[in-house]
Amino acid sequence: MNGLTEKVAFVTGGGSGIGRQVSLRLAREGARIGVVDLREESARSVVEEIRAAGGEATAIVADVTSAEQVEAGVAKLVADFGALHFLVNCAGVALGEGGVVECSEAAWDTTMAVNVKSIFLTGKYAIPQIIAAGGGSVVNIASVFGMVANPDECGYAASKGAVINLTRQMAVQHASDRVRVNAVLPSDCDTPLIAGLLGVEGAELEAAKAELAAPIPFGRLARPEEIAAGIAFLLSDDAGFITGVSLPIDGGFLTK
Ligand SMILES: NC(=O)c1ccc[n+]([C@@H]2O[C@H](COP(=O)([O-])OP(=O)(O)OC[C@H]3O[C@@H](n4cnc5c(N)ncnc54)[C@H](O)[C@@H]3O)[C@@H](O)[C@H]2O)c1
């Protein structure tokens with residue numbers, strides 16, 4: 339893909355699932371990666387994987403709901419690599435909080451903080467650096483469940499709907515700064531997040547995943563590598579005239 343080599347990317351949630359695959363993919367394309375995660379061990383292990391393959395990366399341990407930690411994380415990446423061009427917001431939670439009657443106030447607040455406030459905070463500190471570097475690109479991960487309703491997750495639904503419209507706002511505001519901002523909408527994807535949500539293991543987990551995959555026309559869950567490929571495209575110069583879109587990567591789920 340064009341325009342990824344030597345670029346510097348701040349990838350939140352980079353220690354697991356989709357964020358891990360985004361970090362690995364961008365590093366293979368020649369970008370330098372700040373692997374940002376709450377969990378130090380996960381961030382470090384992805385950094386080691388990238389370095390072992392000949393790439394460049396640094397671990398940034400930060401809670402993306404904390405303004406101080408996000409600001410310090412962005413500053414560390416710019417100090418380490420000299421600039422910042424890309425922001426990829428992959429950190430997120432799905433807590434299985436239920437509908438508005440069942441959901442606890444704590445689960446609502448956590449979901450909105452990790453899934454939405456984080457994008458406000460990373461944008462606040464990263465976008466001025468991207469502008470200073472002459473422009474770049476942001477990709478936020480929303481979900482197909484930001485477009486259609488899942489009856490079991492009121493906070494998740496609200497958070498992902500918010501990510502879609504926040505993406506539009508950021509795109510329109512920063513178009514003249516040469517900063518493109520897009521979102522991807524994955525359908526259910528085979529990552530530790532889904533395994534945690536299903537809460538079962540072994541054969542039971544495989545059966546539960548097959549049930550989740552049933553409404554997807556492709557008949558299977560997305561692979562995190564497939565979401566990462568769409569994100570790499572949106573970041574690249576190949577998507578140079580694309581901003582403000584929410585790209586489903588969903589095996590046809592939203593089309594049905
Ligand atoms: N897996 C799916 O089915 C699916 C579908 C649609 C959208 N998504 C979205 O994709 C994103 C990534 O999901 P995933 O499946 O890769 O999840 P995951 O659980 O595998 O990875 C998420 C990562 O985010 C990190 N994280 C969580 N809270 C954090 C915080 N406060 N600060 C810093 N890091 C934090 C976790 O430590 C973890 O490493 C999420 O926004 C999720 O909602 C996932």
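If you're matching positions, the sequence shown starts at 339 in the numbering used here and goes up one per residue. The beta carbon of each residue, even a glycine, is placed where N, CA and C say it ideally should be.
Using the Cβ count rule (16 or more neighbours within 10 Å means buried), how would you classify residue i?
i	result
residue 593	exposed
residue 507	exposed
residue 526	buried
residue 462	exposed
residue 514	exposed
residue 447	exposed
residue 491	buried
residue 467	buried
residue 350	buried
residue 518	buried
residue 343	exposed
residue 435	buried
residue 579	exposed
residue 389	exposed
residue 555	exposed
residue 568	buried
Quick check on residue i: does DSSP put it in helix, strand or coil?
i	result
residue 516	coil
residue 424	strand
residue 478	strand
residue 586	strand
residue 387	helix
residue 382	helix
residue 377	coil
residue 360	helix
residue 369	coil
residue 501	helix
residue 487	coil
residue 347	strand
residue 400	coil
Round the Cβ separation of residue i and residue j to the nearest angstrom and send it over; I've been treating them as touching at under 8 Å.
i	j	result
residue 584	residue 502	5 Å
residue 533	residue 543	6 Å
residue 562	residue 359	4 Å
residue 412	residue 378	No, residue 412 and residue 378 are not in contact; Cβ-Cβ is about 18 Å, not under 8 Å.
residue 363	residue 570	5 Å
residue 565	residue 524	5 Å
residue 611	residue 588	There is no way to answer for residue 611, as the model of the chain reaches only from 339 to 594.
residue 415	residue 346	7 Å
residue 417	residue 452	Not confirmed; about 26 Å, so no contact.
residue 340	residue 575	4 Å
residue 546	residue 494	About 18 Å; that fails the 8 Å criterion.
If we cut at 8 Å on Cβ distances, does residue i have a partner in chain D?
i	result
residue 529	Protein chains in the displayed structure number just one, and chain D is not present.
### Query
What are the uninterrupted segments assigned as alpha helix (DSSP H) that are 4 or more residues long and contained completely in the region 403-475, given in chain order?
The qualifying runs are 405-419, 443-450 and 456-470.
### Message
Give the list of continuous beta strand (DSSP E) stretches no shorter than 3 residues that lie fully inside the region 504-586.
### Response
517-524
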